[in-house]
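2 protein chains.
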Amino acid sequence: MSRILIVEDNRTLGYGLRNNLEIEGHEVEVARDGKAGLDRARAWRPDLVVLDLMLPKLDGFQVLKTLRQEGHEVPVLILSARGEEADKVRGLRLGAEDYLTKPFGLLELLARVEGLLRRGARAASKSGPAPGENGRSGAPETDRFGSVVVDHARRTVTRHGRPVELAPREFDLLVALIRRRGAVVSRTDLLREVWGYASGAVSRTVDTHVAELRRKLEEDPAAPRHILTVRKVGYRHQD
Amino acid sequence: MSRILIVEDNRTLGYGLRNNLEIEGHEVEVARDGKAGLDRARAWRPDLVVLDLMLPKLDGFQVLKTLRQEGHEVPVLILSARGEEADKVRGLRLGAEDYLTKPFGLLELLARVEGLLRRGARAASKSGPAPGENGRSGAPETDRFGSVVVDHARRTVTRHGRPVELAPREFDLLVALIRRRGAVVSRTDLLREVWGYASGAVSRTVDTHVAELRRKLEEDPAAPRHILTVRKVGYRHQD
DNA sequence: CGGGATTTGTCAGGGTTTCGTCAACTCGCA
DNA sequence: TGCGAGTTGACGAAACCCTGACAAATCCCG
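Protein chains in written order, with the working numbering: chain P, -14 to 224; chain Z, -14 to 224.
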């Protein structure tokens, strides 16, 4: 749908992001250092740049500054290892649209990417879509299974029409499962998506949160019908 | 709905304004220096001009003066970096309709734009539309939730029919939450919309203002029913 | 079919994060 | 100088998350 340039030297992270953004339907390129990133941005004119700050050859700040000086208006989402407030301020000052500190969950990044693209999309097309804040790209506004309704914009869940309180991690986990539409998700993938790339969390963590979800959402938590265990692999969501 | 010309050399700012005004349903063009701005104003005949004062080639004062000399009565909203009273007076002398100093919140600008357009529309047609104060472009004139009524035009709020005094920031924050119609708004987005583009404001600022809103608007501020916290993300308004 | 090995479910304690609150401070303005 | 609005950091309370130990379930294979 949109063209996204990722400027990131960590190969694992770069590939992971590319994969997931491509699954979302975007065209993606990856540059491994600041110089290459700048060149690709100039030549390829992406709709969004995901920019790591710590980069070989030319750091993210310089890339961003140069881009802006040359008049590129492309929205930029900054990734930073340190959570330094100074970095954040500096980044936003230089004209970045958003800022994310590692470790971050994949879902959080995807959400921000979609947000930035939605905001920026209208600049190009003269007749923007109806101002009713619609015209979403990928995800629907709500999901439902059984008597459960998940409202993504509100970050709320109801069951039998009554609100269910989910903790942040629980909600993110639920979304990660729903997103896969029935496919099995390994614990590793869940940890990556929900907990974040650099997270060293292990052991019973995922299971505990799944249990909590079942307790709150399943009619009979002991015999789940929607959040299913796939032995030796992970979990799977079913309508 | 209306044609708006933005004359602003800062690309990031111009881009952001264009996006948001287009979301509000307006047709927008951006000129990056005074000369280009003047040309576009002559040729395109916008319904409103948003005019930066500090501009390359031809500063805002000169643009405005020339426009007026040539007989253009288009409403002009001046943006200025410095808050110099002299500038303001001079701008209004030259026939500007309104004046805003950076950094300003997005909402404040949007509100003034709508105000100017409404006023301008009436001036154009001698027999103004029915005095019922209608014919708006996007937002409704008032919002209500619980026993609270928000009058956008007057920037006033009542609760149980009795007026509630809100500070400017508090009112803007409330509007920003209401505008999203129930969706979660992150602290970052709130800072962007209410506090302004280049604002590096951080920490407890948003929370403090939310607390104040709850104190003034909620029946039981400790158990809010309308201005809700969404942990790890931000806040959400509910009818 | 049964025993052992592996995997998952459950639970509660404590460390951590996040939010609400408050008071001090700055700033612009009269 | 006094005032009100806005901002900030400190602090405490609450929510949340992780972990490790143990129980239950499942699988493997004899």
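Think of the CB as a built atom: it goes at the ideal place given N, C-alpha and C, for glycine as much as any other residue.
- Between the beta-carbon of Z:ILE(-9) and that of Z:HIS11 there is about 10 Å, and that puts the pair past the 8 Å contact cut.
- Fully contained in the segment 6 to 63 of chain Z are the following alpha helix (DSSP H) runs of length 4 or more, in chain order: 19 to 29 and 45 to 54.
- Taking the beta carbon of Z:GLY167 as reference, the chain P residues within 8 Å of it are ALA138 and ARG139, listed in sequence order.
- Taking CB atoms only, Z:THR190 has no neighbour in chain P less than 8 Å away.
- In this structure, the straight-line span from the alpha carbon of Z:LEU6 to that of Z:ARG172 is close to 22 Å.
- Residue-level contact check: Z:VAL34 does not touch chain P, since none of the beta carbons of chain P fall below 8 Å from its beta carbon.
- When C-beta distances to chain Z are compared with 8 Å, the residues of the segment 54 to 66 of chain P below that value are GLY56 and GLU58, in chain order.
- Distance from the Cα of P:ARG216 is smallest, within the candidate group P:PHE156, P:GLU203, P:ASP192 and P:ARG200, for P:ASP192.
- Note that the C-beta distance between P:GLY19 and P:LEU43 is below 8 Å.
- DSSP places Z:HIS222 in the uninterrupted beta strand (DSSP E) bounded by 219 to 222.
- Against chain Z, the CB of P:ARG104 has a partner CB under 8 Å away; the residue lies at that interface.
- CA-CA distance, P:GLU82 to P:LEU64, rounds to 11 Å.
- Under the criterion of beta carbons closer than 8 Å, P:VAL135 and P:ARG144 do not qualify as touching, at roughly 10 Å.
- Boundaries of the beta strand (DSSP E) around Z:LEU85: 83 to 86.
- Among the residues facing chain P, Z:LYS87 is not included, as its CB has no counterpart in that chain under 8 Å away.
- Taken in chain order, the members of the segment 146 to 167 of chain P whose beta-carbon sits within less than 8 Å of a beta-carbon on chain Z are ALA152 and PRO153.
- Beta-bridge partners of P:VAL142 (DSSP): P:VAL135 and P:VAL149.
- The secondary-structure analysis by DSSP pairs P:ARG129 across a beta bridge with P:VAL134.
- Exposure of P:TYR0 is indicated by the presence of fewer than 16 other C-beta atoms within 10 angstroms of its C-beta.
- Around the beta carbon of Z:ILE212, 16 or more other beta carbons lie within 10 angstroms, which makes this residue buried.
- Close to chain P, meaning a Cβ-Cβ distance shorter than 8 Å, are the following residues of the segment 208 to 222 of chain Z: VAL215, ARG216, LYS217, VAL218 and ARG221.
- Relative to the Cα of P:ARG166, the nearest Cα in the group P:LEU94, P:PRO60 and P:GLN223 belongs to P:GLN223.
- One alpha carbon belongs to P:ARG27, the other to Z:GLY131, and they sit about 52 Å apart.
- Listed along chain P, no residue sits closer than 8 Å to Z:THR193 by beta-carbon distance, the nearest being about 18 Å off.
- Between P:GLU197 and P:GLU150, the C-beta gap is not smaller than 8 Å, which leaves the two residues out of contact.
- The C-alpha of Z:ALA66 lies about 18 Å from the C-alpha of Z:GLY22.
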